[in-house]
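Residue numbers (our numbering), protein chains in the order written: chain L, 1 to 252; chain F, 1001 to 1404. Where a beta carbon is used, it is the ideal one built from N, C-alpha and C, also for glycine. One structure is given here, and the rest of the page talks about it.
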Amino acid sequence: MEPVIQLRNINKVYDTGAVRVHALRDVSLQIEPGEFVAIMGASGSGKSTLMNILGCLDRPTSGEYLLDGNDVSQYSKDERADIRNQKIGFVFQGFNLLRRTSTLENIELPLIYGGVPADERLRRSRKALGEVGLGHKEDSHPNQLSGGQQQRVAIARALVNDPSLLLADEPTGNLDSHTAIEIMSVFQRLNRDAGITIVVVTHEPDIAQYARRIVVVKDGRILLDQAVRNRRDAAVELAATVSEPELEATFS
Amino acid sequence: MNFPVLKIALRALARNKGRSALTMLGIVIGVSSVIAMVSLGQGAQKQVQDQIASMGTNLLIVSAGSQRTGGVRGGAGTSTTLTPDDVEAILKNAPAVSQASPSISSSVTLVYGNQNWTTRAEGTDSNYPSIRARDAVSGAFFTDSDVRSAARVAIIGQTLVNQLFLGADPIGQTIRVRNLPFRVVGVLQARGQSQFGQDQDDTMLIPYTTVMKKLQATTYIPTAYFSAASDTLTVDAQQQIGAILRARHNLRQGQVDDFTVRNLTEVAETAAETSKVMTMLLGGIAAVSLLVGGIGIMNIMMVSVTERTREIGIRMAVGARSKAVQYQFLIEALVLGLLGGLIGIVLGLAASFTLAIVFSWPQSISPLAVFGSAIFSMLIGVFFGFYPARKAANLDPIDALRFE
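Shown next as C-alpha cells:
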C-alpha cells in the first residue's frame, strides 16, 4: 500500500528581510495508511511549520511532499485549497467552528466547497455527526455546546469528506483532562475501527501516549521517531471513571 | 460553484442580521431620498405647470396696435381697428383656434347702498370661464343672449363682495354703475394676488357689448382672447390669427401689423426650466447621499473582513478557494446593496406619497429615479464590495486561522 505521506528533504526558510529563520531542515518522514502519529516538540521547534506543510496550508521552500503519491509541494494556492478539501481533515485547538451556525451547517462546510449536492451533504453530515456521538445536536449552535462537544463537531467536520489524513493541531489544548481523554478516545476509535490515518500535533507527552508512533521535532529536525511504548487506551481509562458531564447527558 | 457561494453569502448575512441592517441603512436612506427628492421636484414642476395652465389653457392674447397721431404713437390697444367682427371671423376661419372672447375694460365707480368702490369692469363674453379657466362660484355666468342684448348683468369679484356688500350675499342685488343699474348674477372664483401684485379679485365682469354700447359708446375692442385647439397648435393658431387679421385690415405686404399676438408659452417654459433645475439639484444632493451609503457598505465590509478573519481562515482551511471567498463577500455586498435599494424604493415611494399629500401637490413618481437608483445601488454594492472582497480572498489561511 502506498504511504499517505512521504516527506523528502523538506526545508522551510522564512525570510523576513532582516532575519532568515530556518524552521525545517532536511526533514524526511513517511506515514503509512492507518497510522496514528503524534508529532511532539516545544514551541519554536518547527512542529507548527511541519503541521502547516503537512496540511497543505503552506509550501516547503525545498523538498518533496507526496500526499497519496502526488507531489503537492509546489501546488498553487487554489490547488492546495482543493487538496485540503478532498484529502485533509483539520481539527484545531480552538475548535474553529463558525459562530451562529448550526452543527450540521458547520459540518457540511467542506462539502459545500467540494460542490456536493445538498441532499448528499445532509446525509453525509448526519453520518459524520453520528460517528462522534452527537446525532441529537444537529441544530445546536457552537455556543450551546461544551468544549468537548464542540471539538467532536470539529472532528465530524474533518471526517465528512472521507479524508486520507486527519490532522489535529493541539486538539486537547483547550480542554480539561477528562474531556481531553474523551476526545482522544474518539481519535483512537476512528483509527482502530475506521482505519483513519491520524496525525496529532501536541506538546503534551500524556496526549502523545495515545498515539501509536511519536515523532519528536527539535530545532527544525526530527530528533526521535519511534513506536509508543506503554500506549494508553482512552476507552479503558474512561470506563474507570464517570464524569459529571456524562451523568448530565445521560439524564437530560 | 456559484450557487453554493450564493447560499453561503446569504447565510452569512442572515447570521448577522443587525449588522446587515445597519450596513443597508446608508443605501436605504440614499435610494429613498433620491426617489423622494426627485418626486418632490417633479411635483413642484407639475404644480408650477398647472398654475400656468390655470392662467388659461393655450391662451393667445390679441391686442390692437398703437395708433399714430401726427407722429406720436399711442400705447397698445389705442388703434381702432380690432372689432368683434374680427374675433368672429377668426373663430370661423382659423382651424387652430377653438374659442374666442373679446375683451374691453373700463374703469368704473360702483355704488351699492351707502358704499362705493372704484374698480375695473371687464367686458367679455360667455366663453370667459373656459378660456381663462375661471368660473362663477355662486350664481351663474351670464349667457350668450345677455351678450347679444347688451344686458346690464354683472359677475363681481370677491373683493367687491367684501367692499360693497360687506360680505353679504350679493346675488340678485342691484348695483349702480355710472347711474345705470346692474344686476349681480354671480360671484367670480377667488384668485388672490397675481404674480405681479395685482388683486385679481378686484374686478367685475359684464358683457363686452354692454361696455361698448352703454359705458363707452365705441365699436372697437382693444383686446381679444383666443384658445388654441391644443397645446401643440398654439403656434399655428398664432399664425392663422395674424394672417386673417392682416387680410381683414387690408394690410399690404411690408406694412407692419396693427395688432400683436402673444401667448403664455414662454412664461410656462421659463417656469418649467426653473423647477427642472431644482429637481436636478435635489436629485444631485440625494445622489451624494447614495454614494455615502455605498462608502458605508465598503466601511462595514472592511470591518467585517477583519472581524471575520478567523471565519475566512476556517473556510480556506476546509478548502474554499480564494475566488469562492471573494465571491462570498462580493455577493454579500451585492445583496446588501440590492436589498437596501429595494427597501429604499419602498420608503422613497411612501415618502413621496406623504410629501404629496402634506403639500397637496400632484403626485409624481419618476420611473427613472426608481429604476436608476435600484440599479445604481446594486452597482454600488459590487463596486464598494470589490475591495474588501479582494482583501478577504488574499488572506493567508495560516495567519487567518491564528487571528484572534
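It is roughly 48 angstroms from the alpha-carbon of A168(L) to the alpha-carbon of A1374(F). DSSP places Q1115(F) within a strand segment (E or B) once states are collapsed to three. When C-beta distances to chain L are compared with 8 angstroms, the residues of the stretch 1300-1332 of chain F below that value are R1310, E1311, G1313, I1314, R1315, M1316, A1317, V1318, G1319, A1320, R1321, S1322, K1323 and A1324, in chain order.
DSSP places D119(L) in the uninterrupted alpha helix (DSSP H) bounded by A118 to E131.
DSSP lists T202(L) and V216(L) as the beta-bridge partner residues of M40(L).
A distance below 8 angstroms separates the beta carbons of I1008(F) and I112(L).
Ranked by how close their Cα comes to the Cα of N1016(F), the residues Q1045(F), L1379(F), M1301(F) and I1343(F) have M1301(F) in first place.
When Cβ-Cβ separations below 8 angstroms define contact, I1285(F) makes no contact with chain L.
In the DSSP secondary-structure assignment, K12(L) is bridged to L24(L). Judged by pairs of C-beta atoms under 8 angstroms, the stretch 4-18 of chain L touches the stretch 62-75 of chain L, as three or more such pairs exist. For T1143(F), the three-state secondary structure derived from DSSP is coil. Along the stretch 1003-1032 of chain F, the positions whose C-beta sits under 8 angstroms from a C-beta of chain L are P1004, K1007, I1008, R1011, R1015 and N1016, read in chain order. The beta-carbon of P1362(F) is placed no less than 8 angstroms from the nearest beta-carbon of chain L. Secondary structure at L111(L): helix, using DSSP grouped into helix, strand and coil.
Neighbours of P1397(F) across chain L, judged by C-beta separation under 7 angstroms: L57. By the beta-carbon neighbour count (other beta carbons within 10 angstroms, threshold 16), G1157(F) is buried. In the DSSP assignment, Q1255(F) falls outside any alpha helix (DSSP H) and carries neither an H nor an E. Per DSSP, the continuous alpha helix (DSSP H) segment holding P1367(F) begins and ends at P1367 to A1393. For T1174(F), the enclosing beta strand (DSSP E) starts and ends at T1174 to V1177.
V199(L) places its beta carbon 8 angstroms or farther from that of I214(L). The Cβ-Cβ distance between L238(L) and I183(L) does not fall below 8 angstroms. Within chain F, the C-beta atoms nearer than 9 angstroms to that of F92(L) come from I1314, A1317 and L1401, in chain order.
In chain order, V216 place their CB closer than 6 angstroms to the CB of L223(L), counting only its own chain and leaving out the 5 sequence neighbours on each side. Across the structure, T1081(F) and A1287(F) are spaced so that their CA atoms are roughly 58 angstroms apart. Following the DSSP letters along the chain, one finds T1083(F) in no beta strand (DSSP E), marked with neither H nor E. When beta bridges are read from the DSSP output, A1224(F) appears opposite V1062(F) and P1102(F). Under the DSSP assignment, R1183(F) falls in the beta strand (DSSP E) whose first and last residues are L1180 to L1188. The C-beta distance from A1094(F) to A1237(F) rounds to 6 angstroms, short enough to fall under 8 angstroms.
The C-alpha of Q151(L) lies about 28 angstroms from the C-alpha of V1303(F).
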